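J.: One structure is given below, represented as structure tokens, and several questions about it will come after.
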Amino acid sequence: MRLTTMRRIATVGALTAAAMLTSGCGSSNDGPQTPKDAVNAFYKAGMDDDADALADATCSKYADRASEALSGIFGEDRILSIEIASVKENGTTAVVNLSEHKDGATSSNILYTVVKEDGHWAWCGDAD
322 MRLTTMRRIA TVGALTAAAM LTSGCGSSND GPQTPKDAVN AFYKAGMDDD
372 ADALADATCS KYADRASEAL SGIFGEDRIL SIEIASVKEN GTTAVVNLSE
422 HKDGATSSNI LYTVVKEDGH WAWCGDAD
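The sequence shown begins at 322 in this note's numbering and counts up one residue at a time.
Rendered as structure tokens:
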């Protein structure tokens with residue numbers, strides 16, 4: 322009887338741990354997990370004209386200025402899509418090289434800095 326009870330406890334514990342891992346519970350990494358994901362989240366928020374999501378996708382240095390990006394980066398010409406050409410990661414910083422596809426034009430070799438903050442990656446302005 323004791324062995325059966327211990328097996329039940331172990332099974333419940335294992336199932337609880339598996340459920341937490343697959344649902345993300347107990348994880349502080351709720352944001353983008355790669356620099357590429359961060360840039361995609363930033364552009365999706367901008368193209369959707371979603372200032373709150375844009376602030377969430379932006380590093381702490383620029384998060385309070387996310388609405389400026391809506392009128393700047395996303396206000397000039399309608400961006401239809403982006404294509405990421407390369408990502409160069411160095412610890413908690415990365416440089417993402419991309420192309421923006423707009424109505425009738427493509428801008429290439431756009432370089433952005435992405436940083437890892439609080440366990441997730443965030444867009445952080447033009448690369449130096």
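All residues carry an ideal CB built from backbone N, CA and C; glycine is no exception.
The structure presented is a predicted model; accordingly, all values stated were derived computationally and were not measured.
#1: The beta strand (DSSP E) spanning residue 446 covers which residue range?
#2: Can you check whether the CB of residue 419 is closer than 8 Å to the CB of residue 405?
#3: Using a Cβ-Cβ cut-off of 7 Å (strictly less than) and excluding sequence neighbours within five positions of residue 394, which residues of its own chain qualify?
#4: With distance defined between alpha-carbon atoms, name the residue in 353, 421 and 443 nearest to residue 398.
#5: Could you pull out every residue in the same chain whose Cβ sits closer than 8 Å to the Cβ of residue 314, ignoring the five residues on either side in sequence?
#6: Rounded to whole angstroms, what's the CA-CA distance from residue 413 to residue 437? Just pull it up for me.
#7: Among 426, 415, 441 and 427, which one has its Cα closest to the Cα of residue 273?
#8: Pull the bridge partners of residue 357 from the DSSP assignment, please.
#9: Please go through the same chain and pick out, in chain order, the residues whose beta-carbon is closer than 7 Å to the beta-carbon of residue 380, but skip the five residues on each side of it.
#10: Exposed or buried, what is residue 362 when buried is set at 16 or more other beta-carbons lying within 10 Å of its beta-carbon?
#11: Could you pull the start and end residues of the alpha helix (DSSP H) that residue 388 belongs to?
T.: Let me spell this out:
#1: For this step, residue 446 is matched to residue 125 along the sequence shown. 441 to 447 is the extent of the beta strand (DSSP E) around residue 446.
#2: One-based indexing of the sequence shown puts residue 405 at position 84. One-based indexing of the sequence shown puts residue 419 at position 98. Cβ distance < 8 Å, so residue 405 and residue 419 count as in contact.
#3: By 1-based counting over the sequence shown, the position of residue 394 is 73. If we look at residue 394 and ignore the five residues flanking it on each side, its Cβ neighbours are 367.
#4: Translated into positions along the sequence shown, residue 398 becomes position 77. Of the listed residues, the one whose Cα sits closest to residue 398 is 421.
#5: Limits of the chain in this structure are 322 at one end and 449 at the other, which puts residue 314 out of reach.
#6: Position 92 of the sequence shown, counted from the start, is the residue given in the question as residue 413. Position 116 of the sequence shown, counted from the start, is the residue given in the question as residue 437. Going by the C-alpha atoms only, they are around 5 Å apart.
#7: This structure cannot settle anything about residue 273, because the visible part of the chain is limited to 322 through 449.
#8: For the purposes of this step, residue 357 is taken as the residue at position 36 of the sequence shown. The partner list for residue 357 (beta bridge, DSSP) is empty, contrary to what the question assumes.
#9: Residue mapping note: residue 380 aligns to position 59 of the sequence shown, counting from 1. Closer than 7 Å at the Cβ level, and outside the excluded window around residue 380, lie 436, 438, 443, 444 and 445.
#10: For this step, residue 362 is matched to residue 41 along the sequence shown. With 16 or more other Cβ atoms within 10 Å, it is buried.
#11: By one-based count along the sequence shown, residue 388 stands at place 67. Element bounds for residue 388: 387 to 392.
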